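Protein chains in written order, with the numbering used here: chain A, 3 to 283; chain B, 57 to 207.
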Amino acid sequence: MKRLIKTLTCTVAALVATTAVYAGEDAVLMINEEITIPTTAPAPEGSPLTELLSGWKFRSGETQALQMDDFDNPSFIFIDKARDQWVKVDGTEGKSCASCHEDVESFKGLRTELPRWNETKGKMYAMENYINDCRTERMGAEAWKWSKGNMTGMTSLISLQSRGLPVAVKTDGPASTAYELGKKLYYTRVGQLDMACSNCHEDNYGVMIRADHLSQGQINGFPTYRLKNAKINSVQARFKGCMKNIRAEPFKEGSEEFTALELYVASRGNGLAVESPAVRN
Amino acid sequence: MQRILLAALSSALISTAAFASEVAPDGVAFGEDGQVTASLTGVAGDPVAGKLAFVGRKLGNCLACHINDDATAESFHGEVGPPLNGVAGRWDTAQLRGIVVNSKMTFEDTIMPAFYHEGGERILEKFVGTTILTAQQVEDIVAYLQTLKEE
């Protein structure tokens, strides 16, 4: 049955693909019948793209629908757990996240700025880095693994506070070294299949690659629930997946390379609205 | 377990593939237009085996990027490359072989992977020192492509 649904979805996507460029091209992303989130944006200056398109536009109607209601969006099961975690005391210091940050709503806008340069630490910081600093340095608790459930639940809860706001990462000043590194990685061919991110997500978006409708590989929807592995996926776990698919040795999650790539890919989507927590197949 | 067996089997295939008559990946001679005139193995390609290697997701997975009306039993044909219907009428054997071995010798900077080529950046450890297809699989696919004639 599940197979059948999948086949059906893909047939629909394939049909649409031949008549229009994107599946659900004209669909509007309205969440809970109240918040409309734009899924296109003008390309930022110097962008190789003519228009920015959210990955949501490239998904089938069924997958799109799961993101249109927080009751249907499976991310919210994990976000609810993260809300419990938010107030839970953990570690030697007897503190929870709420001890220092009170309401998670105080993080409104944060998702749009990350990764960014952390002056105190002298390196680029993704949201996961900030969370783990709080856990180890302020709470005396153990660091969470980059893409494990407790971390992705918390990054989803925090990112949700920015839903609808435009991505606006900074690429100049102290972030420029990471930006350049990320850009280089984006265009470097790797793996036995010898491909770069750009080969698929810049040169071929809108096209079917076997059963997948290639998107621009934007990260405005991350962390993202994927039907494929039935869990929330971090940006860097997604990068890892794409690299393995082309038989390339992925960088480590949290490495300088992947955080640089995250910054660069985020900057390619500057202006797109944050959709976290998105749903993808 | 199955995976291990499969891996063992394929590496066995790759190592025994070093027959004296077989052209090594770095020994392939390309013509000016990227064509490869000589057979890689000296053994005639088998179009039936070729079709299997063409559709196999862990082998050629050619349908990832190409529509092929001869393989409609398989769902999901990609559109990254041109449809291969009637491809035998557009290219001769040597050129088809060259395209499958290393299409970059025919189409500069193409996204199409080189199927009989070793080396590259950051190759996943288990694929280091291997080619995507064996020499005979390339010959089989070339034989299969030659059957794709326009009606």
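We put the CB at the ideal spot given by N, CA and C, even for glycine.
Everything numeric in this text was worked out from a predicted model, so none of it was measured.
**Study point:** Per-residue contacts from A/Glu251 into chain B (C-beta, under 8 Å)
**Key:** Arg178, Ile179, Leu180 and Glu181
Review point. Any residues in the stretch 175-191 of chain A with a beta carbon nearer than 8 Å to a beta carbon of chain B? Which ones, in chain order?
Key: Thr190 and Arg191
Point to revise | Close beta carbons around B/Gln202, own chain, < 6 Å, minus the five adjacent residues each side | key: Ala144
Exercise for review: Identify each residue in the stretch 218-248 of chain A for which the Cβ-Cβ distance to at least one residue of chain B is less than 7 Å, and report them in chain order.
Suggested key: Lys246
Practice item. Please list the segments of the beta strand (DSSP E) lying wholly inside the stretch 183-240 of chain A, counting only runs of 3 or more residues, in order along the chain. Key: 226-228 and 233-235
Review point. If you follow the beta strand (DSSP E) that B/Thr93 is part of, which residue opens it and which one closes it?
Key: B/Thr93 -> no beta strand (DSSP E), and no H or E assigned at all.
Point to revise | Contact list for A/Ala213 against chain B, beta-carbon separation under 8 Å | key: Ser131 and Phe132
Exercise for review: State the CB to CB distance for the pair B/Phe171 and B/Val184, rounded to an integer number of angstroms; the pair is presumed to be in contact (CB under 8 Å).
Suggested key: Rounded, the Cβ-Cβ distance is 16 Å, inconsistent with contact.
Practice item. Leaving aside the five residues before and after A/Ser200 along the sequence, list all residues of the same chain whose C-beta is less than 7 Å from its C-beta, in chain order. Key: Tyr188 and Tyr189
Review point. Is the Cβ of A/Ser278 closer than 8 Å to any Cβ of chain B?
Key: no
Point to revise | B/Asp82 - DSSP class collapsed to helix/strand/coil | key: helix
Practice item. Determine the closest residue to B/Ala127 out of B/Arg146, B/Gly106, B/Glu195 and B/Lys114, with distance taken between C-alpha atoms. Key: B/Gly106
Exercise for review: Mind checking who A/Leu54 pairs with in its DSSP beta bridge?
Suggested key: A/Ala43
Exercise for review: With a 10 Å radius around its C-beta and 16 neighbouring C-beta atoms as the bar for buried, classify A/Pro44 as buried or exposed.
Suggested key: exposed
**Study point:** CA-to-CA distance, A/Glu139 to A/Tyr132, given in whole angstroms
**Key:** 10 Å
Exercise for review: Enumerate in chain order the residues of its own chain whose CB-to-CB distance from A/Thr114 is below 7 Å, with the five nearest sequence positions on each side excluded.
Suggested key: Ser164, Leu167, Pro168, Val169, Ala170 and Val276
Exercise for review: Measure from the alpha carbon of A/Leu216 to the alpha carbon of each residue in A/Asp28, A/Leu55, A/Met32 and A/Ser49, then state which is nearest.
Suggested key: A/Leu55
Point to revise | B/His133 beta carbon near the ligand COA (any heavy atom closer than 7 Å) | key: Judged by which ligands are present, the structure shown has none, so any question about the ligand COA falls away.
Check your understanding: According to DSSP, what are the bridge partners of A/Trp119?
Key -> A/Met126
Point to revise | Segment limits, alpha helix (DSSP H) that includes A/Met156 | key: Gly151 to Leu162
Check your understanding: Apart from the five residues on each side of it in sequence, which residues of its chain come closer than 7 Å, Cβ to Cβ, to A/Val106?
Key -> Trp88, Leu159, Ile160 and Gln163
**Study point:** Segments assigned alpha helix (DSSP H), at least 4 residues, entirely inside the stretch 126-153 of chain B
**Key:** none
Review point. Over what stretch of residues does the beta strand (DSSP E) that includes A/Ala280 continue unbroken?
Key: Ala280 to Arg282
Review point. Just how far apart, CA to CA, sit B/Cys121 and B/Leu108?
Key: 16 Å
Review point. Does A/Asn206 get closer than 8 Å to chain B when you measure Cβ to Cβ?
Key: yes
Check your understanding: Along chain A, which residues have their Cβ under 7 Å away from the Cβ of B/Val136?
Key -> Asn206, Val209 and Ile211
Review point. How do the stretch 83-102 of chain A and the stretch 134-150 of chain A stand: do at least 3 beta-carbon pairs fall below 8 Å, yes or no?
Key: yes
Check your understanding: Quick one: does A/Ser62 have its CB under 8 Å from some CB of chain B?
Key -> no
Exercise for review: Between the Cα of A/Gly223 and those of A/Leu183, A/Asn152, A/Asn75 and A/Val209, spot the shortest distance and give me the residue it belongs to.
Suggested key: A/Asn75
**Study point:** Where A/Gly193 falls, given that 16 or more other Cβ within 10 Å makes a residue buried
**Key:** buried
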